[in-house]
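A.B. asks:
Protein chains: 2
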Amino acid sequence: MAQINPSYKKLAAGYLFPEIARRTREFQAANPAADILRLGIGDTTEPLTPAVVAGLRAAVERQGGLEGYSGYGDSEGIPELREAIAREYQKRGTAVTASDIFVSDGAKPDSANIQSIFHAGSIVAVQDPAYPVYVDSNVIAGRTGEASGGCYNGLVYMPCTEKNGFFPALPDRKVDLIYICSPNNPTGAAATHPQLKHFVEYAISQRAIILFDSAYAIFIRDQSLPHSIYEVEGAEQCAIEISSFSKSAGFTGVRLGWTVVPDAVVAEETAPGEIKGLWTRRQNTFFNGASNIAQAGGVAALTDTGQAEMAGRVDFYMGNARIIRDGLDQIGVTAFGGDNAPYVWMRTPPGIDSWAFFDKLLSECHVVGTPGVGFGPRGEGYFRLSAFGHRENVEQAAERITSRLVL
Amino acid sequence: MAQINPSYKKLAAGYLFPEIARRTREFQAANPAADILRLGIGDTTEPLTPAVVAGLRAAVERQGGLEGYSGYGDSEGIPELREAIAREYQKRGTAVTASDIFVSDGAKPDSANIQSIFHAGSIVAVQDPAYPVYVDSNVIAGRTGEASGGCYNGLVYMPCTEKNGFFPALPDRKVDLIYICSPNNPTGAAATHPQLKHFVEYAISQRAIILFDSAYAIFIRDQSLPHSIYEVEGAEQCAIEISSFSKSAGFTGVRLGWTVVPDAVVAEETAPGEIKGLWTRRQNTFFNGASNIAQAGGVAALTDTGQAEMAGRVDFYMGNARIIRDGLDQIGVTAFGGDNAPYVWMRTPPGIDSWAFFDKLLSECHVVGTPGVGFGPRGEGYFRLSAFGHRENVEQAAERITSRLVL
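Sequences listed follow chains S and Z, in order.
Going by the working numbering, the first sequence opens with residue 1, and the numbers climb by one from there.
Going by the working numbering, the second sequence opens with residue 408, and the numbers climb by one from there.
1) Along chain S, which residues have their Cβ under 8 Å away from the Cβ of Pro-439(Z)?
2) Less than 8 Å separating the beta-carbons of Ala-548(Z) and Ala-527(Z)?
3) How would you list, in chain order, the residues of chain S whose beta-carbon sits under 8 Å from the beta-carbon of Asp-543(Z)?
4) Spatial neighbours of Val-767(Z) within its chain, please: C-beta separation below 7 Å, excluding the five flanking residues on both sides.
5) Do Val-373(S) and Trp-345(S) come within 8 Å of each other at the CB atom, strictly closer than that value?
6) For the alpha helix (DSSP H) containing Val-607(Z), list its first residue and its last residue.
7) Inspect the beta-carbon positions of Asp-176(S) and Ala-409(Z) and report whether they are closer than 8 Å.
8) At 4 residues or longer, and completely inside the segment 25-78 of chain S: list those alpha helix (DSSP H) runs for me, N to C.
9) Arg-464(Z) to Ser-111(S), Cα distance in whole Å?
10) Counting only beta-carbon separations shorter than 8 Å, does Lys-276(S) have a partner in chain Z?
11) Does Phe-199(S) have its Cβ less than 8 Å from a Cβ in chain Z?
12) Measure from the alpha carbon of Pro-516(Z) to the alpha carbon of each residue in Arg-689(Z), Arg-720(Z) and Phe-765(Z), then state which is nearest.
13) Along the beta strand (DSSP E) that carries Ala-125(S), what are the first and last residues, could you check?
14) Is there a C-beta anywhere in chain Z that falls below 8 Å from the one on Glu-76(S)?
15) Could you work out which residues of chain Z lie near Pro-109(S), taking near to mean beta carbons separated by less than 7 Å?
16) Report the option in Lys-9(S), Arg-173(S) and Thr-94(S) whose CA atom is closest to the CA atom of Met-158(S).
17) Does the distance from the CB of Asp-535(Z) to the CB of Gly-788(Z) come in under 8 Å?
18) Taking Tyr-202(S) as the query, report the chain Z residues whose CB atoms sit under 9 Å from its CB, ordered along the chain.
19) Taking DSSP as the reference, what is the three-state secondary structure of Ile-587(Z)?
20) For Arg-313(S) versus Thr-49(S), is the C-beta distance shorter than 8 Å?
21) Would you call the CB atoms of Glu-638(Z) and His-605(Z) closer than 8 Å?
22) Within the continuous beta strand (DSSP E) that includes Leu-663(Z), where are the two ends?
23) Strictly below 8 Å CB to CB, what residues from chain Z border Gly-65(S)?
24) I need the straight-line Cα distance from Val-673(Z) to Leu-488(Z), nearest angstrom please.
25) Less than 8 Å separating the beta-carbons of Leu-824(Z) and Ile-521(Z)?
26) Mind pulling the chain S residues with CB within less than 9 Å of Asp-583(Z)?
27) Helix, strand or coil: which one does DSSP assign to Tyr-131(S)?
28) For Ile-547(Z), go through chain S and note every residue whose CB falls closer than 7 Å to its CB, in chain order.
29) Are Gly-369(S) and Arg-347(S) closer than 8 Å when you measure CB to CB?
30) Could you spell out the range, first to last residue, of the alpha helix (DSSP H) harbouring Ser-810(Z)?
31) Between the C-alpha atoms of Val-667(Z) and Ala-505(Z), what's the straight-line distance to the nearest angstrom?
32) Can you pull the chain S neighbours of Asp-579(Z), defined as C-beta to C-beta under 7 Å?
33) In the DSSP assignment, what residue or residues form a beta bridge with Ala-554(Z)?
34) How many Å lie between Pro-413(Z) and Asp-450(Z) at the Cα?
35) Decide if Ile-738(Z) is buried, meaning its Cβ has at least 16 other Cβ atoms within 10 Å, or exposed.
36) Buried or exposed: where does Arg-25(S) fall if 16 or more other Cβ atoms within 10 Å of its Cβ makes it buried?
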């Protein structure tokens, strides 16, 4: 008699984004004339850039010809793309090489799957608030107990608060796997070199592994801040980095990302190269490579022209972030982020919790955002506004917030 | 201290295809003049068809424009593609609907991941020989003991032999999950309606789940044979079907497949719809949808023109299979398959095992194939030849086999 994986039942029933969609749908049904503006999900809105379109187009034509057609590729990705990604790391002074790069169909699958190469009994630490996939993938893998009070038993939460500038202190007990996202989703906080160094030293001393999500690195404006954890000495011994073309090149739908696993990363009783070998084996068994067309798009995005165009898109979205921050400043709302990340993290008004503010913003301004508590218990009392949107929509949303929100 | 998932160490060290690549490389190095022909990996060689290229091209142009750009899609796939796939099932008289279809980046990832929604203690049955991913994914998930004599302890092997026409008898003990691939890789055998009915009735009576891989269904020439397990009454209560655009549309590199999870599929103590809900949740957490460009290619492949072109490709590869079978017949080698599947499964000469025959074929004919034992212990004494290849290469390989192989 087949039985299901019982860990699925531990997952909080109302997943964040479906619940947002449900409330929005209900509001729209009750208010059919309302022109709802969406700053909820961090989804790109601007078209692929000309260099990327040219790269994709050429790949399609190649696949339609006898000479250019290619079947299965290496699950690790095409060499040209792995080399182009490694070059970006090298430009920032790191020793990452093409053989460390594992191309994938996005940072989300890699963030969710990376735990599977580690022991089922691993103790896991996450930032609170954090991108929900780190938590959910470990719940499903059976590394937690039941949830109570918004926290899963057995999971170690590292509070990210106004007081610590939204970068956590070291875990308060022994842990094996540590998820860090910088620039952070949802708080928009970008870690400094000393902050990351503190964690790298801790991880090496404890032989813990840092799973570092740098999907938003391209949005960093302050060039003194690290874009990759490998800019920190020793990180190659203890950190795996996951990143993405989703937000930089607008590939949320095209699907392309990568994971960096240096030879030097080691766990308990593993030799150098062994963790990398495990990830290779995992990908060879469970994955068959990212789409060859998407990979050609990635190569195009990393050419000089492609990068200049990506920088333009990043500037555009960061311009949106500025408009949102300015709007909030104007009405005296305390807000964070939006400087080095495409998310603005605002404090909800006194006495109004995250979900109540969601409803308030929707009914008063017809604007959708994301309740902070959806990212973890320390997100309560905060609210995330995404800078992804067409300019006129973001301007209009900011205008509505400043003129209609009752504070 | 981070520790690795110890199940990885149970995997047989020399994975089949890397070992083939290694021996081929060594032979080429020692014989630089040898023009090696590859009938090893089942990898498509003919270009994408015009309708598919047009569909992909249009998708690329759409993504480059403000109007047509789309970001994140549903992880289940775009509605147009889910509907087009469901229509193919309906044409064969099944009740599969679009809401049962989960579009993915290929049958391999789905075949490997599907086990994760079931209990870690599930007893798993596989055909022997079988596509290695079913076994390896369950080894990694910890559902087996160590390997001995080519078999993993705790795994139930269902022998597929000449005597049973390469379709197995029911498992010899109680099992929870049953993998069946038809038409089969590597044997090329396609299951009949009564054969599948026997398993469906067994699964319903035991409340076991059949994981049915139909990636090669389009190659079935005998139209009395089922293309989908849902052509068998009751299968919707006990079967999940996995399939692919890889071999039909030549998408081995483009990456596109799907899984069918009907509402009626139930396990122990689950309500109708619950297993489907689990797979939905799994995909929403670990996956972010197949590439929107690849999906547009899938829609194009399923138009009338696209299907006519796919049928042409299938005929072409099946013509290759005929050439290989005829060549083997000519020299008196006993062979199977190649009628309803793009694989020919030949008996190795007396006293020559699978790997010895690999070396013999390579050195005498400069042809690469796949040792049957790589698919399981009952594959010993057999050898797989793939019908994927350019016509002139397949003709030349058959010519070399008939004229040079020393029997």
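A virtual CB, placed ideally from N, CA and C, is assigned to each residue, including glycine.
Just so you know, these numbers come straight off a predicted model, no measurement behind them.
C.D. replies: Per the coordinate set shown:
1) For a Cβ distance threshold of 8 Å, nothing in chain S lies close to Pro-439(Z): the least Cβ distance comes to about 23 Å.
2) Yes; because the gap between Cβ atoms is below 8 Å, this pair is in contact.
3) Annotation: Cβ neighbours of Asp-543(Z) in chain S (cutoff 8 Å, chain order): Thr-285.
4) In the sequence as presented, Val is not what sits at residue 767(Z); that position holds Lys. Excluding sequence neighbours, Lys-767(Z) sits near Ile-759.
5) Taking 8 Å as the Cβ cut-off, Trp-345(S) and Val-373(S) do not qualify as a contacting pair.
6) Residues 600-613.
7) Taking 8 Å as the cut-off, the Cβ atoms of Asp-176(S) and Ala-409(Z) count as close.
8) Listed in chain order, the complete alpha helix (DSSP H) runs (minimum 4 residues) inside the segment 25-78 of chain S are 50-63.
9) Between Arg-464(Z) and Ser-111(S), the C-alpha separation is close to 31 Å.
10) Lys-276(S) does not count as touching chain Z.
11) No, Phe-199(S) does not count as interfacial toward chain Z.
12) Of Arg-689(Z), Arg-720(Z) and Phe-765(Z), the residue nearest in Cα terms is Arg-689(Z).
13) Taken as a continuous stretch (DSSP letters only), the beta strand (DSSP E) holding Ala-125(S) covers 124-128.
14) False, the Cβ-Cβ gap to chain Z never drops below 8 Å.
15) Near Pro-109(S) (Cβ distances below 7 Å), the residues of chain Z are Phe-693, Phe-694 and Asn-695.
16) Nearest C-alpha to Met-158(S): Arg-173(S).
17) Using a Cβ distance threshold of 8 Å, Asp-535(Z) and Gly-788(Z) do not count as a contacting pair.
18) By Cβ distance, chain Z contributes nothing, its closest Cβ being about 13 Å from Tyr-202(S), past 9 Å.
19) In the structure shown, Ile-587(Z) sits in a strand (DSSP, three-state: E or B).
20) Between Arg-313(S) and Thr-49(S), the CB-CB gap stays under 8 Å.
21) No, Cβ-Cβ distance for Glu-638(Z) and His-605(Z) is not below 8 Å.
22) In the DSSP assignment, Leu-663(Z) falls outside any beta strand (DSSP E) and carries neither an H nor an E.
23) Chain Z residues near Gly-65(S): Pro-454.
24) Our two residues, Val-673(Z) and Leu-488(Z), have alpha carbons roughly 26 Å apart in a direct line.
25) The structure shown does not extend to residue 824(Z), since chain Z is modelled only from 408 through 814, so no value can be given for it.
26) Proximity of chain S to Asp-583(Z) at the Cβ level (cut-off 9 Å) is accounted for by Met-1, Ala-2 and Gln-3, in chain order.
27) Correct three-state label for Tyr-131(S): coil.
28) In chain order: Thr-285.
29) Remark: C-beta atoms of Gly-369(S) and Arg-347(S) do not approach each other more closely than 8 Å.
30) Note, Ser-810(Z): alpha helix (DSSP H), 798-811.
31) Between the C-alpha atoms of Val-667(Z) and Ala-505(Z) there is a straight-line separation of about 9 Å.
32) Identification of chain S residues near Asp-579(Z) by a Cβ-Cβ cut-off of 7 Å yields none; the smallest Cβ-Cβ distance measures about 17 Å.
33) Looking at the DSSP assignment, Ala-554(Z) forms a beta bridge with Tyr-559(Z).
34) It is roughly 32 Å from the alpha-carbon of Pro-413(Z) to the alpha-carbon of Asp-450(Z).
35) Exposed is the label assigned to Ile-738(Z), since fewer than 16 other Cβ atoms lie within 10 Å of its Cβ.
36) Exposed, because fewer than 16 other Cβ atoms sit within 10 Å of the Cβ of Arg-25(S).
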